[in-house]
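Asker:
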Amino acid sequence: MRRQEVYDIWNKAREQIDVKEDFTDKVMNQIFLYEQKKSKTFFDYRRFVDLISANLTAQAAFVVVGAVVGLTRVVFMFAVILGY
Amino acid sequence: MKDTDVIHRVLGGHIDLFKLLVDRYQGPVIRFIQNMIHDNHTSEDIAQDVFMAAYKTLSSFDSHRSNFSTWLFVIARNKILNLLKKRRPVFTNQLPEVPDSQNPSDNLMTKEFFNRLEKILRTLPVKQKTAFVLAEFEKLPYAQIAEIEGVRIGTVKSRISRAKKKLAATLSELDGDIL
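Chains A and B, in that order, give the protein sequences.
No gaps in the numbering here: position 35 of the first sequence is 35 in our numbering, and each next residue is one more.
Offset between the second sequence (1-based) and our numbering: plus 84.
What follows is the structure in structure tokens.
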């Protein structure tokens, strides 16, 4: 057998792996457990950010709410300063 | 469904769709880890950690900067490096099966070749080994390996070439010895 042939067989053998059938289930179980733990917390900042970043309408709504709150604050400040 | 679409939907609350990504990439990820640490028992645990870490930080994945598989390989690589820093790997990998040949001495020689190649692979410096494993066993293009490693393509090429030289030296030694 030639060197290159042996190398190719070794290379091919290294490409072969046995993945256990339940690998995906194990990962998904861990994920569901993680999510369960997360939902027990009162406010999950990361989940909130995930939801916002995944949804364009939510992003727009978030910006609009921010702008309205900001403007209200500015108007309120002026009102206080001018003594209304 | 494209990776980016799946990610978008997972982030939108369809957690169960992450299964598609695990199914798609479990093979390459586990193989990469196995070929790096040579410990079949630990490889699967690390692969699980890789997918969990990917899930937890999925919102930070930027599809404009890299594709999902590259991002996943970066996570896997970092996990492997952390493990190798903490402890020396325990080699529990079995040698690949030697295909049957008409000539029994051929089998013996092939086994000897495999032994030597495995030995060299295990003793390669980690940077050379990472580049070599990703190129030879994962068949990734140099540009993607460079992205995973965070180096230039030229650096990847030289790492792979150094690794191959070491393997070639072993093969030529044996060539003179028994073939």
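Note that beta-carbon positions come from the ideal geometry of N, C-alpha and C, so glycine has one too.
Would a check of beta-carbon distances place A/Tyr7 closer than 8 Å to chain B?
Answerer: Closer than 8 Å to some Cβ of chain B, the Cβ of A/Tyr7 qualifies, so yes.
Asker: Using a Cβ-Cβ distance cut-off of 8 Å, determine whether B/Leu95 contacts chain A.
Answerer: Output row for B/Leu95: interface = yes.
Asker: Straight-line CA distance for A/Leu71 to A/Val49?
Answerer: Taking the straight line joining both Cα atoms gives about 23 Å.
Asker: How many Å lie between B/Asp261 and B/Asn191 at the Cα?
Answerer: Because B/Asp261 sits at a pLDDT of 49, beneath the cut-off of 50, its placement in the model cannot be relied upon, and the point is left open.
Asker: Apart from the five residues just before and just after B/Leu263, which ones in its own chain have a Cβ nearer than 7 Å to its Cβ?
Answerer: Per-residue confidence for B/Leu263 stands at a pLDDT of 40, beneath the threshold of 50, marking its modelled position as unreliable; no derived number is given.
Asker: Does DSSP classify A/Gln16 as helix, strand or coil?
Answerer: DSSP places A/Gln16 in coil when its eight states are reduced to three.
Asker: DSSP three-state label for B/Arg236, please.
Answerer: If DSSP states are grouped into helix, strand and coil, B/Arg236 belongs with coil.
Asker: Just verifying my parser: in three-state terms, what is the DSSP assignment at B/Glu196?
Answerer: B/Glu196: helix per DSSP, three-state reduction.
Asker: Is DSSP giving B/Asn162 helix, strand or coil here?
Answerer: Note: B/Asn162 maps to helix in three-state DSSP.
Asker: Whole angstroms are fine: how far does the CA of A/Phe62 sit from the CA of A/Val69?
Answerer: The straight-line gap from Cα to Cα measures roughly 11 Å.
Asker: Spatial neighbours of B/Lys211 within its chain, please: C-beta separation below 8 Å, excluding the five flanking residues on both sides.
Answerer: So the list reads Glu233, Arg243, once near-sequence residues are dropped.
Asker: Take B/Phe135 as the anchor and find which of A/Arg2, A/Phe23, A/Glu15 has the nearest alpha-carbon.
Answerer: When only C-alpha atoms are compared, the closest one is A/Phe23.
Asker: Going along chain B in order, which residues have a C-beta closer than 7 Å to the C-beta of A/Val49?
Answerer: Ser143, listed in chain order.
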